[in-house]
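All letters in the sequence shown, in the order written, are residues 106 to 195 by the numbering used here. Glycine residues also receive a C-beta, built at the ideal position from the N, C-alpha and C atoms. Below you'll find the structure, written out as structure tokens, and then a few comments.
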Amino acid sequence: MNVPAPLFRGAVPVFLVGDVARTLQWYASNLGFTTHAVPETPPHHFGIMTKDGTKIFLQQLDGYHKPDLYDEREGGVWSAYIHTTGVREL
């Protein structure tokens, strides 16, 4: 009996944020993402954002402030890289 090998189907970045609702609103308003908060009513613990087959997850961490690591290496430091077309139009 041949058992098919498991397939990796993709990876989803998970960003720590201090405010899931505010972050979901920003991605929806500025980049056109469809958003879903978990639970649906505040306080939210998790967020799911999708657009054109791309997914980004958000995880609530009270008091979290993203560190500014841009100067730590030439070209900055990234949490995720998203391939897109028409970046100037965004």
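Residue(s) in a DSSP beta bridge with residue i
i	result
Thr190	Partner(s): none; Thr190 has no beta bridge.
Ala142	Gly152
Leu163	Phe120, Gly152
Residues of its chain near residue i, where Cβ-Cβ distance is below 6 Å and the 5 sequence neighbours each way are ignored
i	result
Lys160	Val117
Met189	Here residue 189 turns out to be Thr, not Met, going by the sequence shown. None.
Closest by C-alpha distance to residue i, when choosing among the options
i	options	result
Leu166	Val108, Gly115, Met106, Val119	Val119
Thr146	Lys171, Asn135, Val125	Val125
Gly196	Gly158, Leu121, His141	Absent from the structure is residue 196, since the part of the chain shown begins at 106 and ends at 195.
Ser184	Met106, Ala133, Asp173, Gly168	Asp173
Gly191	Pro148, Arg178, Pro109, Leu136	Leu136
Gly123	His170, Phe138, Phe113	His170
Leu121	Phe162, Pro109, Thr139, Asn107	Phe162
Own chain, CB closer than 8 Å to residue i, minus 5 neighbours either side, in chain order
i	result
His150	Val125, Val143, Pro144, Gln164, Gln165
Gly168	Gly123
Residues near residue i by beta carbon distance below 7 Å, same chain, minus five either side
i	result
Leu195	Leu136
Asp176	none
Between the region 151-167 and the region 117-132, do three or more beta carbon pairs fall short of 8 Å? yes
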